[in-house]
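In what follows, a structure is listed as structure tokens, so that the remarks can point back to it.
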Amino acid sequence: MTSILFDFYQPNLNAVPCRPKEYDVSSLQPTSVIITFHNEARSTLLRTIVSVLNRSPAELIEEIILVDDASPNPQDGSLLDKIHKVKVLRNDKREGLMRSRVKGADAASAPILTFLDSHCECNTGWLEPLLNLVSHNRTHVVSPVIDVINMDDFRYVAASAELRGGFEWNLVFKWEYLSPPDRRDFAKDPTRIIRTPIIAGGLFSINREYFNELGKYDVQMDIWGGENLEISFRVWQCGGTLEIVPCSRVGHVFRKQHPYSFPGGSGAVFAKNTRRAAEVWMDGYKELYYAKVPLAKAVPFGSIDDRMAIRERLQCKPFKWYLKNVYPDLKVPQLMVVRQGSIQQGHRCIDTMGKSVYRTAEPAQVFQCHGAGGNQDWSLTKEGQIQHDDICLSMPASLFIGAPVVFQSCDQASKWYFNKDELIQSQDKPGFCVSATPDSNDLVFAICDQDDYLQKFEFD
Ligand code: UD2
Ligand code: MN
Numbered sequence: 001m002t003s004i005l006f007d008f009y010q011p012n013l014n015a016v017p018c019r020p021k022e023y024d025v026s027s028l029q030p031t032s033v034i035i036t037f038h039n040e041a042r043s044t045l046l047r048t049i050v051s052v053l054n055r056s057p058a059e060l061i062e063e064i065i066l067v068d069d070a071s072p073n074p075q076d077g078s079l080l081d082k083i084h085k086v087k088v089l090r091n092d093k094r095e096g097l098m099r100s101r102v103k104g105a106d107a108a109s110a111p112i113l114t115f116l117d118s119h120c121e122c123n124t125g126w127l128e129p130l131l132n133l134v135s136h137n138r139t140h141v142v143s144p145v146i147d148v149i150n151m152d153d154f155r156y157v158a159a160s161a162e163l164r165g166g167f168e169w170n171l172v173f174k175w176e177y178l179s180p181p182d183r184r185d186f187a188k189d190p191t192r193i194i195r196t197p198i199i200a201g202g203l204f205s206i207n208r209e210y211f212n213e214l215g216k217y218d219v220q221m222d223i224w225g226g227e228n229l230e231i232s233f234r235v236w237q238c239g240g241t242l243e244i245v246p247c248s249r250v251g252h253v254f255r256k257q258h259p260y261s262f263p264g265g266s267g268a269v270f271a272k273n274t275r276r277a278a279e280v281w282m283d284g285y286k287e288l289y290y291a292k293v294p295l296a297k298a299v300p301f302g303s304i305d306d307r308m309a310i311r312e313r314l315q316c317k318p319f320k321w322y323l324k325n326v327y328p329d330l331k332v333p334q335l336m337v338v339r340q341g342s343i344q345q346g347h348r349c350i351d352t353m354g355k356s357v358y359r360t361a362e363p364a365q366v367f368q369c370h371g372a373g374g375n376q377d378w379s380l381t382k383e384g385q386i387q388h389d390d391i392c393l394s395m396p397a398s399l400f401i402g403a404p405v406v407f408q409s410c411d412q413a414s415k416w417y418f419n420k421d422e423l424i425q426s427q428d429k430p431g432f433c434v435s436a437t438p439d440s441n442d443l444v445f446a447i448c449d450q451d452d453y454l455q456k457f458e459f460d
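Residues 1 to 460 (full-length UniProt numbering) make up the sequence shown, in order.
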């Protein structure tokens with residue numbers, strides 16, 4: 001069996017911190033390896049499996065679950081069933097990698113799941129550093145450095161470890177150089193774990209229960225694409241961590257095109273999946289995606305209620321938090337925001353009062369200005385929304401004079417005309433404005449009146 005393996009690159013194996021023996025294998029939790037495939041070359045599939053079995057401590061591999069995603073020839077998978085520890089599941093019809101991986105994960109029994117593509121070669125010592133992190137930190141989701149298996153001659157070529165995953169506003173995954181401070185740290189210690197805004201998607205380990213708690217994958221995504229951004233946003237925004245472990249190396253065949261069909265067309269499938277990720281996780285920033293890829297707007301993406309419910313259940317943070325804390329290097333075009341600052345009337349400012357209102361509307365209020373931004377920091381978008389994270393100022397549900405103006409999810413919120421030191425006028429109900437009240441902190445709906453000082457707000 002081993003003879004089919006090519007000579008492999010030995011990554012940092014002489015650098016003491018990378019030595020596999022550094023890990024006390026008995027302290028690590030075992031893993032189920034999940035590999036989904038559609039129409040994969042048998043030799044390549046075999047290379048992946050053999051490298052897992054040969055290059056991992058046996059006690060750490062509970063099983064290898066292959067999910068054959070309706071490959072035309074069922075023998076591609078069924079013949080592999082004979083190999084020790086390998087279990088094969090097969091889909092009757094093509095499901096795509098997301099539903100296939102979930103099927104594999106549901107059948108898995110080890111405490112840690114490790115996903116691999118079907119055309120990989122795991123390198124020496126690849127597994128221990130991944131399991132070491134996940135065994136001791138259940139919310140850490142970790143990837144190896146992904147080396148390159150040359151597409152033409154299947155040679156194993158080392159890739160740079162000075163990369164992490166990112167994206168541009170078209171929401172296509174890309175590799176990028178580490179930020180300058182991370183690069184300096186890396187130069188000092190090339191074994192140092194790298195935090196990454198996004199994982200490439202195919203190769204990672206995660207605690208099984210955590211994977212389930214976090215909502216597995218979005219099973220309404222099809223075939224290929226978008227799930228890597230979705231799980232990355234979800235992990236970070238819901239309190240987990242994504243890391244690349246330089247001491248773990250796995251080779252992967254990067255292909256120039258998909259060696260399989262896309263029922264529905266690759267553009268439409270990718271746009272649907274990406275829209276689902278954007279609609280659930282990106283709040284108002286999804287507009288930057290639509291500005292970049294306007295055609296996506298025409299692609300139906302189905303219901304996202306189940307995924308929104310996960311976001312709510314886990315009390316996940318807004319996308320703005322992700323941009324600020326996880327991916328501050330990403331340039332955010334100013335496209336959406338026309339003005340930013342506090343919205344002030346005398347010494348009182350519009351204030352979220354610390355609530356992170358999500359779906360239900362709550363009365364909007366003013367509070368003593370403190371000049372420190374935070375809950376009093378508002379953006380006026382080009383479309384006319386008055387926004388703080390994912391909360392927007394919105395018309396009351398029932399429109400009568402004196403009805404409370406509310407904060408609610410920007411998806412459902414109404415729009416305003418408001419430029420500087422003026423009235424905040426409704427776009428949908430011309431002639432109606434936001435008014436403060438003399439004896440309380442509430443904001444209410446009123447008939448616009450230039451001379452009423454309670455309706456005058458200053459955008460600072
Ligand atoms: C990358 C990821 C891949 C996935 C994808 C985005 C790596 C190395 N690879 O693209 O795992 O996250 O981005 O979706 O990070 N497959 C099925 N059913 C299908 C289509 C594909 O089972 O309908 C399998 C396929 O055989 C392979 C895996 O899913 O094992 C990933 O597909 P790929 O290798 O074409 O994706 P890749 O590496 O271009
Ligand atoms: Mn692949």
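Ideal placement from N, C-alpha and C gives every residue a C-beta, glycine not left out.
Tell me, to the nearest whole angstrom, how far the beta carbon of residue i is from that of residue j; I am working on the premise that it is less than 8 angstroms.
| i | j | result |
| --- | --- | --- |
| E59 | K85 | About 12 angstroms separates the two Cβ atoms, so there is no contact after all. |
| I401 | F445 | 6 angstroms |
| R234 | G215 | 7 angstroms |
| D442 | P404 | 6 angstroms |
| I391 | V366 | Not really, about 15 angstroms apart at Cβ, beyond 8 angstroms. |
| D377 | S342 | 7 angstroms |
| F459 | R348 | Actually they do not touch by this definition, with Cβ atoms about 14 angstroms apart. |
| I34 | A108 | 6 angstroms |
| H119 | S71 | Actually they are not in contact, since the Cβ atoms of H119 and S71 sit about 14 angstroms apart, beyond 8 angstroms. |
Beta strand (DSSP E) containing residue i: first to last residue?
| i | result |
| --- | --- |
| G374 | First-last for G374: undefined, no H or E at that position. |
| D147 | 140-149 |
| R348 | 348-351 |
| P246 | 241-253 |
| F407 | 406-409 |
| Q345 | 343-345 |
| I64 | 61-68 |
| Q237 | Where Q237 is concerned, there is no enclosing beta strand (DSSP E), although the alpha helix (DSSP H) it sits in stretches over 227-237. |
| G201 | Looking at the DSSP string, G201 is not in any beta strand (DSSP E), and its letter there is neither H nor E. |
| L393 | 391-394 |
| L89 | 86-90 |
| Q387 | 386-388 |
| V366 | 365-368 |
| V25 | Element bounds for V25: n/a, residue is neither H nor E. |
| S32 | 31-37 |
| V444 | 443-447 |
Between which two residues does the alpha helix (DSSP H) holding residue i run?
| i | result |
| --- | --- |
| residue 542 | Residue 542 lies beyond the residue range present for the chain, which begins at 1 and ends at 460; the question has no answer from this structure. |
| K286 | 286-292 |
| F432 | First-last for F432: 432-436, but that is the beta strand (DSSP E), not the alpha helix (DSSP H). |
| R183 | 180-188 |
| F211 | 208-213 |
| G267 | 266-281 |
| G96 | Premise fails: G96 is in no alpha helix (DSSP H) and is neither H nor E. |
| G166 | Element bounds for G166: not the alpha helix (DSSP H) but the beta strand (DSSP E), 163-167. |
| E312 | 305-313 |
| E128 | 127-136 |
| L113 | Note, L113: premise wrong, no alpha helix (DSSP H); beta strand (DSSP E) at 112-116. |
With a threshold of 8 angstroms between beta-carbons, can residue i be considered close to chain B, or not?
| i | result |
| --- | --- |
| Q368 | Although the question refers to chain B, the structure presented lacks it and comprises just one protein chain. |
Taking the Cβ atom as the reference point for each residue, do residue i and residue j lie within a distance shorter than 8 angstroms?
| i | j | result |
| --- | --- | --- |
| T352 | N325 | no |
| Y289 | L203 | no |
| E227 | M98 | yes |
| E121 | R42 | no |
| R424 | V434 | In the sequence under discussion, the amino acid at residue 424 is Ile, which differs from the Arg named in the question. The answer is yes: Cβ separation under 8 angstroms. |
| P169 | K272 | Note on identity: in this sequence residue 169 is Trp, with Pro being the wrong assignment. Their beta carbons are not under 8 angstroms apart, which means W169 does not touch K272 by this criterion. |
| Q385 | A413 | yes |
| G77 | W224 | no |
| M151 | V253 | yes |
| G264 | D222 | yes |
| S248 | P363 | no |
| D69 | T36 | yes |
| T124 | G239 | no |
| C18 | T274 | no |
| G251 | V148 | yes |
| V52 | I61 | yes |
| L127 | S56 | yes |
So does the stretch 155-165 actually touch the stretch 85-105, counting three or more Cβ pairs closer than 8 angstroms? no
Report yes or no: do three or more beta-carbon pairs, one from the stretch 304-324 and one from the stretch 129-147, lie closer than 8 angstroms? no
The stretch 215-224 contacting the stretch 160-171, beta-carbon criterion three pairs below 8 angstroms: no
Would you be able to state if there are at least three C-beta pairs under 8 angstroms between the stretch 241-248 and the stretch 190-199? yes
Cβ contact (3+ pairs, closer than 8 angstroms) linking the stretch 29-38 and the stretch 107-114: yes
Quick one: residues with CB closer than 6 angstroms to any heavy atom of ligand 2, in chain order, please. D117, H119, G202, H252
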